[in-house]
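If you're matching positions, the sequence shown starts at 52 in the numbering used here and goes up one per residue.
What follows is one structure encoded as structure tokens, with my remarks underneath.
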Amino acid sequence: MLPLSSHPSPFLNGSIPLLPKLAPPSPYLLPPPPSSLSIQAMKKLQGRVVCAASDKTVAVEVVRLAPHPKYKRRIRKKKKYQAHDADNQFKVGDFVQLEKSRPISKTKTFIAIPVLSRRNSKPGDALPSTLDLPLQSQEMSEFQEEA
């Protein structure tokens, strides 16, 4: 039998010693994500006011389309959010935009911002009553008179 001091390996069975364990990477050493890639999910929502009875609070129903889990047809999903309305300016049926903010109360984390209704267009966008263009019948009569 060989003496222990003349054996090439410090272990009797001849295996190599284990490498020292490396410390797991610290999350504090990772670089911060670029600011241009900020996550914008759930920052702004649009919906319709369904309840305006509370003081400085409106309930807004947000409708989104999502695929059915089995049939994959797009169905409407509705969810109600409580939003802050500091001036009590919104009535039932108004369209508002919800903007994420710090928690105002237990259930309010959005601020209601006015949005023009989808049905009502801007007053400046209305078409004029007359376009100052001759009718096709008038053009035809002028053409016939010239010939």
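A virtual CB, placed ideally from N, CA and C, is assigned to each residue, including glycine.
Just so it is clear, the structure is predicted and the values come from calculations on it, not from any experiment.
For this session: State buried or exposed for L149, treating a residue as buried only when at least 16 other CB atoms are found within 10 Å of its CB.
Result: Taking every protein chain shown into account, the CB of L149 has 16 or more other CB atoms within 10 angstroms, so this residue is buried.
Exercise. Do you know offhand how far V113's Cα is from K157's?
Worked result: Near 19 Å, if we compare the C-alpha coordinates of K157 and V113.
Exercise. Taking the Cβ atom as the reference point for each residue, do L103 and V143 lie within a distance shorter than 8 Å?
Worked result: Inspection of the sequence shows that residue 103 is occupied by Ala rather than by Leu. When the beta-carbon positions are compared, A103 and V143 come within less than 8 Å of each other.
Exercise. From what residue to what residue does the beta strand (DSSP E) around P165 run?
Worked result: Counted as a single uninterrupted DSSP element, the beta strand (DSSP E) harbouring P165 occupies residues K159 to P165.
Exercise. Which residue or residues does DSSP assign as beta-bridge partners of F146?
Worked result: Bridge partners of F146: R99.
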